[in-house]
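K.L.:
Got a structure for you, questions after.
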Amino acid sequence: METCDVLIIGGGPAGSSCAWKLRQSGLNVVILDKAQFPRHKVCAGWITPPVLDELQIDVADYAQQAVIQPITRFLTGMIGGREVETTYAETVSYGIRRFEFDNYLLRRSGAKLKLGEPFRTIRGEGSDWVVNESIRSPLVIGAGGHFCPVARHYSTTSDTAPGTADASKPAARQQAELPVVVAQEIEFEMTAAQSERCTVLPDRPELLFCPDLKGYGWIFRKRDWLNIGLGREQEGHLSSHVAAFVAALQSQGKIPEDLPGPFHGHAYKLRTSIPRPSTPTGILLIGDSAGLADSNSGEGIRPAIESGLLAAATILELGGQNVANLTSIYGEKLRGRFTDSVSALGGISGCLPQFARQYAASWLMTSRWFSRQVLLDRWFLHAEVPALRV
Ligand SMILES: Cc1cc2nc3c(=O)[nH]c(=O)nc-3n(C[C@H](O)[C@H](O)[C@H](O)COP(=O)(O)OP(=O)(O)OC[C@H]3O[C@@H](n4cnc5c(N)ncnc54)[C@H](O)[C@@H]3O)c2cc1C
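For the sequence shown, counting from 1, position 352 maps to 494 in our numbering; every step adds exactly one.
The following block contains the structure:
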């Protein structure tokens, strides 16, 4: 049987960042992912500069092998309403393609990769965990995203230490109730003719809110790659909201009439309160599997990376051992880094009767002060939150 110091289930930004940090201290790390990389990931692909800082990514170096679009302005407003342009003196965000970004982080992590291999089972043996009856490790990190099989398993069991546990058993209880966003998106490389007609500027993504404030759509151009999507609090009718959004954009001539294919959907949880990890000894959850995405913007890449780094820092502090207080120390680090985040727009919309929502939202969205200071700086860019140092 194969052995390692830390086994990470899921090679997205959370898993590969955790592995990268652990590998810097020489730990023997294996990442298991059901997908072959590069793989498609439904995502708009905007990241903020602290993400690159935390991972010590050199923009010029990255740009030699992949698309990275600096952003210096935004267009914001209500779908079909008046739009406000906010301009910055410096780069405040970047657009990346997850197909490339995730593959870059994974290959750079230095971990041993077991790709195309899904997580199937987990059981305890002594003070170790045995996964898929083929890899043995004292520490297992659940980094499998919204449907992380490790998180699903441990939300359904009261195991507190390595014991016998079979991940193939059906879930008896659901994970902690966090609000869920459902989203659909398409990303494609425009033809020369499409590119010429497209009025979306590469350094100026557009964020356009639904009239009821329960979600927003985006158009994001990264060089000649166009990413269009819309996410909303979980409910029915997402496809009809997406169709209405696309129709509005096409009628304004913002996006091509001839989109090359269907939209792809995905879901993820938003952070309303800082999770109190309750996994068994030696098992930590990071990224979407812990439900850490920001509830105002839906930004999940930065919390995924930061929780991966914090999990790695906790493991290194405790000498890479499966010790009883691992989970609680990691939980303290999460609470020290992330604040409770209640969806502010959702809060506004919840306080107002339906007829007043659209009026209030339209008024706020046309305010230059609100667009910059609140919507962009505070909710989307988290301009006041410095890069994590671990
Ligand atoms: C439409 C949409 C747009 C978004 N846009 C943005 C954005 O612009 N900026 C931003 O910051 N966030 C955005 N997010 C959120 C962001 O995509 C996630 O928060 C982020 O990907 C979380 O990273 P992760 O590493 O936790 O999980 P993931 O990126 O989901 O990675 C999980 C990995 O686990 C693997 N896995 C899953 N199940 C198994 C299994 N059974 N066995 C083995 N491996 C498994 C998967 O193959 C995957 O590679 C968006 C989300 C959506 C849905």
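Heads up, the beta-carbon is just placed ideally off N, CA and C, and yes, glycines get one too.
Who pairs with Val172 in a beta bridge, going by DSSP?
P.N.:
Translated into positions along the sequence shown, residue 172 becomes position 30. Partner(s): Leu149 and Lys254.
K.L.:
Quick one: give me the first and last residue of the alpha helix (DSSP H) that Lys163 is part of.
P.N.:
Here residue 163 corresponds to residue number 21 of the sequence shown, with the count starting at 1. Pro155 to Gln166 is the span of the alpha helix (DSSP H), which, as asked, contains Lys163.
K.L.:
Are there three or more Cβ pairs, one per stretch, closer than 8 angstroms when the stretch 417 to 430 is compared with the stretch 279 to 295?
P.N.:
The stretch 417 to 430, when compared against the stretch 279 to 295, does touch it at the 8 angstroms Cβ threshold.
K.L.:
Within this structure, are the beta carbons of Ala253 and Val171 separated by less than 8 angstroms?
P.N.:
Within the sequence shown, the letter at position 111 stands for residue 253. Within the sequence shown, the letter at position 29 stands for residue 171. Yes, Cβ-Cβ distance for Ala253 and Val171 is below 8 angstroms.
K.L.:
With DSSP run on the structure shown, which of helix, strand or coil describes Leu343?
P.N.:
The residue labelled residue 343 in the question sits at position 201 within the sequence shown. Leu343 falls in the coil class under three-state DSSP.
K.L.:
Given a threshold of 16 other Cβ atoms within 10 Å of its Cβ, counted over all protein chains shown, does Asp203 qualify as buried or as exposed?
P.N.:
Counting from one through the sequence shown, the residue named residue 203 turns up at place 61. By the 10 Å Cβ count, Asp203 comes out exposed.
K.L.:
Of all the options Ile397, Ser509, Met143 and Gln500, which has the alpha carbon lying nearest to the alpha carbon of Glu331?
P.N.:
As a working mapping, residue 331 is identified with position 189 in the sequence shown. Cα-wise, what sits closest to Glu331 is Ile397.
K.L.:
Under 8 angstroms by Cβ, that's how I've got Asn245 and Pro321 pegged, so tell me the actual separation to the nearest angstrom.
P.N.:
Here the question's residue 245 lines up with position 103 in the sequence shown. Here the question's residue 321 lines up with position 179 in the sequence shown. Not quite, the Cβ-Cβ distance comes to about 30 angstroms (not below 8 angstroms), so this is no contact.
K.L.:
Measuring only the C-alpha atoms, how far is Gly258 from Ala177?
P.N.:
As a position in the sequence shown, residue 258 is number 116, starting the count at 1. As a position in the sequence shown, residue 177 is number 35, starting the count at 1. Looking at the two C-alpha atoms, the distance is approximately 5 angstroms.
K.L.:
Is Ser191 near ligand 1, in the sense that its beta carbon is under 7 angstroms from a heavy atom of that ligand?
P.N.:
Position 49 of the sequence shown, counted from the start, is the residue given in the question as residue 191. The question names Ser, but residue 191 is Pro in the sequence shown. Not under cutoff, so the answer is no.
K.L.:
Which residues bound the beta strand (DSSP E) around Tyr230?
P.N.:
Along the sequence shown, one-based indexing puts residue 230 at 88. Careful: Tyr230 lies outside any beta strand (DSSP E) and carries neither H nor E.
K.L.:
Could you work out which residue in Tyr472, Ile447 and Glu448 is closest to Glu459 when comparing CA atoms only?
P.N.:
Counting from one through the sequence shown, the residue named residue 459 turns up at place 317. Checking every option, the nearest Cα to that of Glu459 belongs to Tyr472.
K.L.:
Kindly indicate which three-state DSSP category Ser382 falls into: helix, strand or coil?
P.N.:
Counting from one through the sequence shown, the residue named residue 382 turns up at place 240. Helix at Ser382.
K.L.:
Within 7 angstroms: the Cβ of Cys290 and any heavy atom of ligand 3?
P.N.:
Among the ligands modelled here, namely ligand 1, ligand 3 does not occur.
K.L.:
For ligand 1, is there any heavy atom lying closer than 7 angstroms to the beta carbon of Lys176?
P.N.:
Translated into the one-based positions of the sequence shown, residue 176 becomes position 34. It does: the Cβ of Lys176 is within 7 angstroms (strictly closer) of some heavy atom of ligand 1.
K.L.:
Beta strand (DSSP E) containing His295: first to last residue?
P.N.:
Walking along the sequence shown from the start, residue 295 turns up at place 153. From DSSP, His295 is part of no beta strand (DSSP E) but of the alpha helix (DSSP H) over Pro291 to Tyr296.
K.L.:
So, for Ala205: in the same chain, excluding its five sequence neighbours on each side, which residues have a beta-carbon less than 8 angstroms away from its beta-carbon?
P.N.:
Residue mapping note: residue 205 aligns to position 63 of the sequence shown, counting from 1. Here the set comprises nothing.
K.L.:
Which residues in the same chain as Arg413 place their Cβ atom closer than 8 angstroms to its Cβ, once the five residues preceding and following it in sequence are excluded?
P.N.:
In the sequence shown, counting from the first residue as 1, residue 413 sits at position 271. The residues are Leu320, Gly433, Leu434, Ala435, Asp436, Ser437, Pro445, Phe480, Asp482 and Ser483.
K.L.:
Between the Cα of Arg224 and the Cα atoms of Cys352, Asn274 and His406, which residue gives the shortest distance?
P.N.:
Stepping through the sequence shown from its first residue, residue 224 is reached at position 82. Ranking Cys352, Asn274 and His406 by Cα distance to Arg224 puts Cys352 first.
K.L.:
Any heavy atom of ligand 1 closer than 7 angstroms to the CB of Gly433?
P.N.:
For the purposes of this step, residue 433 is identified with residue 291 of the sequence shown, where counting begins at 1. Every heavy atom of ligand 1 is 7 angstroms or more from the Cβ of Gly433, so no.
K.L.:
Does any heavy atom of ligand 1 sit closer than 7 angstroms to the C-beta of Ile150?
P.N.:
Counting from one through the sequence shown, the residue named residue 150 turns up at place 8. Flag unset: Cβ of Ile150 not near ligand 1.
K.L.:
So Glu375 is in the beta strand (DSSP E); what residue range does that whole segment cover?
P.N.:
Your numbering for residue 375 matches position 233 in the sequence shown. Counting along the chain, the beta strand (DSSP E) containing Glu375 begins and ends at Trp367 to Glu375.
K.L.:
Indicate, with yes or no, if ligand 1 has a heavy atom lying under 7 angstroms from the CB of Pro280.
P.N.:
Residue 280 sits at position 138 when you count from the first residue of the sequence shown. Checking the Cβ of Pro280 against ligand 1 gives no.
K.L.:
Could you tell me the distance, in whole angstroms, from the CA atom of Ala103 to the CA atom of Tyr358?
P.N.:
Nothing about residue 103 can be reported from this structure: the residues present for the chain run from 143 to 532 only.
K.L.:
Ligand 1 and His538: does the residue's C-beta get closer than 7 angstroms to at least one heavy atom of that ligand?
P.N.:
Limits of the chain in this structure are 143 at one end and 532 at the other, which puts residue 538 out of reach.
K.L.:
Quick test of your reading: Pro155 and Leu255, contact by CB under 8 angstroms. State the CB separation rounded to the nearest angstrom.
P.N.:
As a first step, residue 155 must be located in the sequence shown, where it is residue number 13. As a first step, residue 255 must be located in the sequence shown, where it is residue number 113. Incorrect: roughly 15 angstroms between the Cβ atoms, too far for contact.
K.L.:
State the CB to CB distance for the pair Gln207 and Pro344, rounded to an integer number of angstroms; the pair is presumed to be in contact (CB under 8 angstroms).
P.N.:
Here the question's residue 207 lines up with position 65 in the sequence shown. Here the question's residue 344 lines up with position 202 in the sequence shown. 18 angstroms between Cβ atoms; not a contact.
K.L.:
Could you check the C-alpha separation between Ala313 and Ile428 for me, to the nearest Å?
P.N.:
For the purposes of this step, residue 313 is identified with residue 171 of the sequence shown, where counting begins at 1. For the purposes of this step, residue 428 is identified with residue 286 of the sequence shown, where counting begins at 1. Note that Ala313 scores 33 on pLDDT, short of 50, meaning its location in the model is unreliable; the coordinates nonetheless yield the value given after this. Going from the Cα of Ala313 to the Cα of Ile428 covers about 20 angstroms.
K.L.:
Exposed or buried, which one is Trp360 when buried takes at least 16 other CB atoms within 10 Å?
P.N.:
Residue mapping note: residue 360 aligns to position 218 of the sequence shown, counting from 1. Classification of Trp360: buried, given that the 10 Å Cβ count is 16 or more.
K.L.:
Give the DSSP-derived three-state secondary structure of Leu518 in the structure shown.
P.N.:
Here residue 518 refers to the residue found at position 376 of the sequence shown. Correct three-state label for Leu518: helix.
K.L.:
Considering only the beta carbon of each residue, do Val323 and Gln394 sit closer than 8 angstroms?
P.N.:
On the sequence shown, residue 323 is found 181 positions in, with the first residue counted as 1. On the sequence shown, residue 394 is found 252 positions in, with the first residue counted as 1. No; because the gap between Cβ atoms is not below 8 angstroms, this pair is not in contact.
K.L.:
Here's the rule I'm using: 16 or more other beta-carbon atoms within 10 Å means buried, otherwise exposed. How should Pro260 be labelled?
P.N.:
Along the sequence shown, read from residue 1 onward, the residue named residue 260 stands at position 118. Its Cβ having fewer than 16 others within 10 Å, Pro260 is exposed.
K.L.:
Just curious, the beta strand (DSSP E) that Pro212 is in, first and last residue?
P.N.:
Residue numbering aside, residue 212 sits at position 70 when the sequence shown is read from its first letter. Segment Ile210 to Ile213, the beta strand (DSSP E) holding Pro212.
K.L.:
Can the beta-carbon of Val234 be found less than 8 angstroms from the beta-carbon of Thr214?
P.N.:
Counted from its first residue, the sequence shown places residue 234 at position 92. Counted from its first residue, the sequence shown places residue 214 at position 72. Yes, Cβ-Cβ distance for Val234 and Thr214 is below 8 angstroms.
K.L.:
Based on the DSSP output, what are the partners of Tyr358 in its beta bridges?
P.N.:
Taking the first residue of the sequence shown as position 1, residue 358 is located at position 216. Paired residues: Phe351 and Gly373.
K.L.:
Tell me where the beta strand (DSSP E) around Asp400 begins and ends.
P.N.:
Here the question's residue 400 lines up with position 258 in the sequence shown. Premise fails: Asp400 is in no beta strand (DSSP E) and is neither H nor E.
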